[in-house]
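Working notes, beginning with the structure itself.
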Amino acid sequence: MGLSVNGVDITDAAIEAELPHHAQSGNPLKQAVHELVLRQLLLQEAQRLDVPGADAEARIEALLAAEISVPAPDEAACRRYYQQQIARFTSGELAEVRHILFQVTPSVPLALLRGTGEAILAELRQHPDRFAELARTYSNCPSGAVGGSLGQIARGQCVPEFEQTVFRMRAGELGTRLLETRFGLHIVQVVRRLEGQAVPFEAVQAQVAAALQRQSWQRALHQYLRILAGRARIEGVELEGAATPLVQ
1 MGLSVNGVDI TDAAIEAELP HHAQSGNPLK QAVHELVLRQ LLLQEAQRLD VPGADAEARI
61 EALLAAEISV PAPDEAACRR YYQQQIARFT SGELAEVRHI LFQVTPSVPL ALLRGTGEAI
121 LAELRQHPDR FAELARTYSN CPSGAVGGSL GQIARGQCVP EFEQTVFRMR AGELGTRLLE
181 TRFGLHIVQV VRRLEGQAVP FEAVQAQVAA ALQRQSWQRA LHQYLRILAG RARIEGVELE
241 GAATPLVQ
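Numbering-wise (UniProt numbering), the sequence shown opens with residue 1 and increments by one.
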């Protein structure tokens, strides 16, 4: 695909080998290409600075360790983050949930699927007692056989977009719109809620500090990559804001 970084080609074979690592992303090809371009930028910078390492990954790690440094967050910053993200530090919170899944497949037009889902949601607003019946008829999830019941779920057990919606809802509440996830379109209802208890700040202070430091490091990495990309000659792709690669 004519892709190169400062005259160094990135081959189609390399892209094909990288693709499986991004299978869960919205656009695997785009992510694979960006990853390879950014990795090449880092390797070339490591070579320019004569950074040692046993292999490419070791040289990248050594380069980032030398070039990116962020201060540890103070206690005040940690306490602010803790208060802002208190739901993340709540233990024992559960939601009893049921849903109807309309799975997205190549054989069914998305517009038709969405229309069906919205029609069933409208029916449930008028007749909420039909949820189990309609789940058994329409849901593409195995839970449809038991009226759409997913049982009790805790934070961290579902994909983020599903979890965020569920734990914002009240007991008995039916979602007002279709929820989109990587699995398809969902009608969601929270049957019951069990509120948890916040873990004391002192018990999670180290965890909070690590999260804040990681965020700072990611911002610094993003800026560093923008600088490298800005002075490089990249052909075959346009990086969108020098997207952060999957470098841990």
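Ideal Cβ positions, reconstructed from N, Cα and C, are used throughout, including at glycine.
(1) Whose C-alpha, out of His186, Gln207 and Pro52, is nearest the C-alpha of Ala72?
(2) I'd like to know whether the C-beta atoms of Phe102 and Thr116 end up nearer to each other than 8 Å.
(3) Would you report the Cα separation of Ile68 and Ala32, rounded to the nearest angstrom?
(4) Just to confirm the assignment, what range does the alpha helix (DSSP H) spanning Gly2 have?
(5) Can you tell me whether DSSP reads Glu173 as helix, strand or coil?
(6) Roughly how many whole angstroms lie between the Cα atoms of Val237 and Leu228?
(7) Tell me Val97's beta-bridge partners as DSSP assigns them.
(8) Going by C-alpha distance, which of Glu235, Gln218 and Leu29 is nearest Ala65?
(9) Pick helix, strand or coil for Phe167, following the three-state DSSP scheme.
(10) In three-state terms, what does DSSP make of Phe162?
(11) Which residues does DSSP pair with Ile10 in a beta bridge?
(12) With which residues is Ile234 paired in a DSSP beta bridge?
(13) On a Cα-Cα basis, can you pick out the residue from Gln213, Arg59 and Val97 that is closest to Thr165?
(14) Would DSSP call Ser143 helix, strand or coil?
(15) Taking the alpha carbon of Gln197 as the point to measure from, which residue in Gly172, Ile86 and Ala17 has its own alpha carbon closest?
(16) To the nearest angstrom, how far is it from the Cα of Ala95 to the Cα of Ala17?
(17) Going by beta-carbon coordinates alone, are Val159 and Arg177 separated by less than 8 Å?
(18) Ends of the alpha helix (DSSP H) at Glu133?
(19) Assign Gly184 to one of two classes, buried (16 or more other C-beta atoms within 10 Å of its C-beta) or exposed (fewer than that).
(20) Give every residue of the same chain whose Cβ lies closer than 7 Å to the Cβ of Thr244, excluding the five residues on either side of it in the sequence, and list them in chain order.
According to the structure shown:
(1) Start at 1 with the first residue of the sequence shown, and residue 72 comes out as number 72. Here the closest residue by C-alpha is Gln207.
(2) By one-based count along the sequence shown, residue 102 stands at place 102. By one-based count along the sequence shown, residue 116 stands at place 116. Yes, they are a contact pair.
(3) Position 68 of the sequence shown, counted from the start, is the residue given in the question as residue 68. Position 32 of the sequence shown, counted from the start, is the residue given in the question as residue 32. Ile68 and Ala32 have their alpha carbons spaced roughly 24 Å apart.
(4) Counting from one through the sequence shown, the residue named residue 2 turns up at place 2. If you look at Gly2, you'll find it isn't in any alpha helix (DSSP H); DSSP assigns it neither H nor E.
(5) The sequence position of residue 173 within the sequence shown is 173, counting from 1. Reduced to three states, the DSSP call for Glu173 is coil.
(6) Taking the sequence shown and counting its residues from 1, one reaches residue 237 at position 237. Taking the sequence shown and counting its residues from 1, one reaches residue 228 at position 228. Near 15 Å, if we compare the C-alpha coordinates of Leu228 and Val237.
(7) Taking the sequence shown and counting its residues from 1, the one referred to as residue 97 is at position 97. DSSP lists Gly151 and Val190 as partners of Val97.
(8) Sequence index remark: in the sequence shown, residue 65 carries index 65 (1-based). Looking at the Cα atoms, Gln218 is the closest of the given residues.
(9) Position 167 of the sequence shown, counted from the first residue, corresponds to residue 167. In this structure, Phe167 counts as coil in the three-state DSSP scheme.
(10) For this step, residue 162 is matched to residue 162 along the sequence shown. Residue state for Phe162 is assigned as helix, using DSSP reduced to three classes.
(11) Indexing the sequence shown from 1 puts residue 10 at position 10. DSSP, once it has assigned bridges, lists Leu3 as partnering Ile10.
(12) By 1-based counting over the sequence shown, the position of residue 234 is 234. The beta-bridge partner set that DSSP reports for Ile234 consists of Val5.
(13) For the purposes of this step, residue 165 is taken as residue 165 along the sequence shown, with counting starting at 1. Among Gln213, Arg59 and Val97, the Cα nearest to that of Thr165 belongs to Val97.
(14) Counting from 1 along the sequence shown, the entry for residue 143 is found at position 143. The answer is helix: DSSP assigns Ser143 an H, G or I state.
(15) Counting from 1 along the sequence shown, the entry for residue 197 is found at position 197. Of Gly172, Ile86 and Ala17, the residue nearest in Cα terms is Ile86.
(16) Indexing the sequence shown from 1 puts residue 95 at position 95. Indexing the sequence shown from 1 puts residue 17 at position 17. The straight-line gap from Cα to Cα measures roughly 41 Å.
(17) Taking the first residue of the sequence shown as position 1, residue 159 is located at position 159. Taking the first residue of the sequence shown as position 1, residue 177 is located at position 177. No; because the gap between Cβ atoms is not below 8 Å, this pair is not in contact.
(18) What you label residue 133 is simply residue 133 of the sequence shown in a count that begins at 1. Its alpha helix (DSSP H) spans residues Phe131 to Tyr138.
(19) Here residue 184 corresponds to residue number 184 of the sequence shown, with the count starting at 1. Buried, since its Cβ has 16 or more Cβ neighbours within 10 Å.
(20) Taking the sequence shown and counting its residues from 1, one reaches residue 244 at position 244. The predicted model places Thr244 with a pLDDT of 49, which falls under 50 and marks its position as unreliable, so this point remains unresolved.
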